[in-house]
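2 protein chains.
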Amino acid sequence: MDDVIEPAAADFQLPRILAALADPHRLATVRYVAVHGESWCGLVMQEAGLAMSKSTFSHHLRILREAGVVTKRISGAKGYAQLRKEDLDSRFPGLMDAIIDAEVPARRA
Amino acid sequence: MDDVIEPAAADFQLPRILAALADPHRLATVRYVAVHGESWCGLVMQEAGLAMSKSTFSHHLRILREAGVVTKRISGAKGYAQLRKEDLDSRFPGLMDAIIDAEVPARRA
DNA sequence: CTCGAAGTTCGATGCAATTCGAACTGTACG
DNA sequence: CGTACAGTTCGAATTGCATCGAACTTCGAG
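Top to bottom, those sequences are chains C and P. Quick note: the first sequence uses my numbering, first residue 1, plus one each step. Quick note: the second sequence uses my numbering, first residue 1001, plus one each step.
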């Protein structure tokens, strides 16, 4: 069921990581787990303002995992996503900090 | 003829910039001008190892310009591309440095 | 065991990106 | 002026991406 490959840090590919982060939904997801640490996927969807179906979110999370940006841990029926900050920093120092700390354009409620 | 919009730094959109950099060809282009400074487009195509038609390169350069990553200057019949380093740094400090300084995977000749 | 919650997978669909060649515009140079 | 060079634009073909609903698995709670 879970044959998603989460690559080792040595196998990270910059274009793939950038592509994973280039989608606004995925960027919001990454920002959320960057700030809140390991988070339950359901909460991420709610709190990160992602209006999409479960299957679509699952798809996006897969992209992030296969690029090496996040890991997923399963506990019971729930899944928890976490940013692979150390691995990312080891391969691309400063990249995630720059992206996470970037000024977020004001979003009107 | 040249109605490509090069956005002001204040209008930069992170997802768009990341998407522009996510393509290996465009990433190689950016890296080249980052190292060599303002460069003639023809040279960039040759030296950056881009095996593509002129029209395709023109397309990629447009993506980079519209995202705000590079500027183009026309001198006579030739065009010269330059990285908008200051503008990029002002909006996303550390981002371009991280990307430019990233270890490039060895490419076998 | 049964039910609901949590996720994944599977088509299908619609949209966007990449690529090319051909035709065009404009510059430089004999 | 005519030729070659530099680059853009325009379809057209191919491919990939985002999205959804439906069906399925798995876990936890009764």
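Just so you know, even glycine gets a beta-carbon here, dropped at the ideal spot from N, CA and C. Everything numeric in this text was worked out from a predicted model, so none of it was measured.
Beta-carbon proximity of residue i to residue j, cut-off 8 Å
i, j, result
"C/A81", "C/L50", "no"
"C/R16", "C/A67", "yes"
"C/A98", "P/L1095", "yes"
"C/A20", "C/D87", "no"
"P/F1092", "C/A28", "no"
Candidates the options, of which the one nearest residue i by Cα
i, options, result
"C/Q13", "C/R65, C/V35 and C/V44", "C/R65"
"C/H36", "C/R26, C/H25 and C/A48", "C/A48"
"C/V104", "P/D1011, P/P1007, P/I1005 and P/V1004", "P/D1011"
"P/P1007", "P/G1042, P/G1076 and P/I1063", "P/I1063"
"P/T1056", "P/E1038, P/D1089 and P/R1026", "P/R1026"
"P/K1085", "P/L1043, P/I1100 and P/G1076", "P/I1100"
"P/V1004", "P/S1090, P/G1076, P/V1069 and P/D1089", "P/V1069"
"P/M1052", "P/S1075, P/P1024 and P/G1076", "P/P1024"
Nearest-angstrom Cβ-Cβ length linking residue i and residue j, presumed shorter than 8 Å
i, j, result
"P/K1078", "P/W1040", "5 Å"
"P/A1034", "P/L1083", "5 Å"
Residue range of the unbroken beta strand (DSSP E) whose run includes residue i
i, result
"C/A81", "K78 to L83"
"P/V1070", "V1070 to S1075"
Residue i - containing alpha helix (DSSP H), residue span
i, result
"P/E1047", "C1041 to E1047"
"C/I100", "L95 to D101"
"P/A1067", "K1054 to A1067"
"P/I1005", "Unbroken run through P/I1005: none, as it is neither H nor E."
"C/A20", "L14 to L21"
"P/L1027", "P1024 to H1036"
Distance cut-off 7 Å: residue i Cβ against heavy atoms of the ligand ZN
i, result
"P/R1026", "Of the ligands one can find in the structure shown there are none, so the ligand ZN has no counterpart to examine."
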